[in-house]
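Okay, so here's the structure we're looking at.
Residue numbers (the working numbering), protein chains in the order written: chain U, 29 to 244; chain B, 7 to 271.
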């Protein structure tokens, strides 16, 4: 279980402090799929980053009773001068995962062929995205954080990625944020609306959808 | 992979992450071709040779009558500068290019600094040991008189480099102007940091001022260890240790502050 206790996040800006999240409390149970919709700038990505531990809340705290992935934004932060394989090795070392086991997974999934052993700076955008997604599949987590829905590569790869994430890992928890409610409706079983930093939770997608459209 | 964990498993994670970062830095900086790391020695070697040449030329012209084995002098001096200068400069640029790595919760700003510090310390130490070792083996210099004092001096300098890096790194990250100012002050710091002179050569009044510069005390101690009774060394190890402790404390506070402030793209 992951529990957020009264999270506030304030960013300093040129016009003074800006509160992005206000008193957000949330629990994500094992295997639960929580979808959060909100307009651009509602604080969705900030929430994902806080749950992922990329940033810290200004106040409040987060309990992580299961392993949590990094935010899968599918763009990836690679060292361009290193090869795809080097980047994979780095990720495995950081998470204490077995490199030998991860290599075939990434080879198979990213479909980069010999390019896996080329510097990432020689990759096309699609290749980068495929590598990034493959890396996040090489390490197993209890809970995956997904910032916006899959928007990687061509239709075929999107389908493949969806199978990998939503079918093969159907038993995992997920926290997914999107500004497109129909994605969330399909994939989640708990729904939240984030509006101006406040969160509201709904058990039915329709209720969440109504609440979301009422303000937009 | 543990989620919330004890001090021991946190330490294990930190070691793992720092190890991964060091390997990654080695690859990006030196590449796969194995001569890459030789650059570590080229810079101090050139400095040592130029310094020795100037020294002998000045003595021939009668500008000084000092009879000091000069190669070890140049090597100890420049390795020390290399140590604190590179540690600070590499820390100053540690965060920006590695921002994406902070997406991984286990990777912290402190880890980025530690990884770079380890590499710089290893590099400067290697250049000191190898260059001095080769010089001694070639019969161009005597072996160190007192290895323990040398090691003590080097240890204090390493500690200083770590503390300085942890102060400069977060500050340079917060403000570009600080980064520029630091670059400006490190040039005058080089000649007064004890690399180019023995404190004993200076007038007493100047000595007192120069010994306020922390690294001068470390270089002087390093040389006291190497030359033994050949020189009159002036240094205060306690003063350097105190400065180190204060800098380290300030540095860790700054790093902790950065942790909250760093916004990833």
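Beta carbons: idealized from backbone N, C-alpha and C, even for Gly.
The alpha carbon of residue 89 of chain U has as its nearest neighbour, out of U:32, U:205, U:189 and U:211, the alpha carbon of U:32. Close CB contacts of residue 126 of chain B within its chain, under the 6 Å cut and outside five residues either way in sequence, are with 92, 93 and 96 (chain order). Closer than 9 Å to the CB of residue 134 of chain U there is not a single CB belonging to chain B. In the three-state reduction of the DSSP assignment, residue 27 of chain B falls in the helix class. Residue contact with chain U for residue 34 of chain B: present (Cβ-Cβ distance below 9 Å to some residue of chain U). Secondary structure of residue 17 of chain B (DSSP, three-state): helix. Counting along the chain, residue 53 of chain U sits inside the beta strand (DSSP E) bounded by residues 44-56. No Cβ-Cβ contact shorter than 9 Å links residue 173 of chain U with residue 193 of chain U. Using a Cβ-Cβ distance cut-off of 8 Å, the segment 113-128 of chain B and the segment 203-218 of chain B are not in contact, since fewer than three pairs of beta carbons, one from each stretch, lie closer than that value.
The CB of residue 47 of chain U never comes closer than 9 Å to any CB in chain B; the least such distance is about 15 Å. At the C-beta level, residue 83 of chain U and residue 95 of chain U stay beyond 9 Å of one another.
Legend: CB atoms of the segment 153-178 of chain U lying less than 7 Å from CB atoms of chain B are not found in any residue.
Going by DSSP, residue 228 of chain U is part of the beta strand (DSSP E) stretching over 226-230. The beta carbon of residue 76 of chain B is closer than 7 Å to those of 58 and 61 in its chain, skipping five residues each way along the sequence. Scanning the segment 57-108 of chain U for uninterrupted alpha helix (DSSP H) segments of 4 residues or longer gives 72-80, listed from N- to C-terminal end.
In this chain, the beta strand (DSSP E) harbouring residue 204 of chain U covers 201-206. No residue range can be given for residue 143 of chain U, since it is assigned to no beta strand (DSSP E) and is classified by DSSP as neither H nor E. Taking 9 Å as the cut-off, the beta carbon of residue 113 of chain B is found closer than this to the beta carbon of residue 27 of chain B.
Taking 9 Å as the cut-off, the beta carbon of residue 48 of chain U is found no closer than this to the beta carbon of residue 66 of chain U.
The continuous stretches of alpha helix (DSSP H) do not include residue 38 of chain U, which lies in the beta strand (DSSP E) extending over residues 30-41. The beta carbon of residue 205 of chain U sits no closer than 9 Å to any beta carbon of chain B. Looking at U:138, U:153, U:124 and U:136, the one whose alpha-carbon comes closest to that of residue 110 of chain B is U:124. Nearest C-alpha to residue 213 of chain U among U:225, U:230 and U:40: U:230. The CB of residue 109 of chain U comes closer than 9 Å to the CB of 33, 34 and 37 in chain B, given here in chain order.
Residue B:79 holds the alpha-carbon nearest to the alpha-carbon of residue 147 of chain B among B:175, B:173, B:79 and B:207. Residue contact with chain U for residue 250 of chain B: absent (no Cβ-Cβ distance below 9 Å to any residue of chain U).
For residue 26 of chain B, the chain U residues whose C-beta falls within less than 7 Å of its own C-beta are 118, 121 and 122, listed in chain order.
Within the segment 109-175 of chain U, the complete alpha helix (DSSP H) runs of at least 4 residues fall at 112-123, 127-138 and 153-166. Here residue 199 of chain U is exposed, its C-beta having fewer than 16 other C-beta atoms within 10 Å. Judged by DSSP secondary structure, residue 220 of chain U falls outside any alpha helix (DSSP H) and instead within the beta strand (DSSP E) spanning 218-223. Taking the beta carbon of residue 264 of chain B as reference, no residue of chain U falls within 9 Å; the closest one sits roughly 11 Å away. Contact with chain U is absent for residue 125 of chain B, since none of that chain's Cβ atoms lies less than 9 Å from the residue's Cβ. In this structure residue 224 of chain B does not touch residue 85 of chain B by the C-beta definition: roughly 11 Å separates them, more than the 8 Å allowed.
Distances from the alpha-carbon of residue 117 of chain U to those of U:100, U:93 and U:162 put U:162 closest.
Residues of chain U whose Cβ lies closer than 8 Å to the Cβ of residue 112 of chain B are, in chain order, 122 and 123. Among the residues facing chain B, residue 209 of chain U is not included, as its CB has no counterpart in that chain under 9 Å away.
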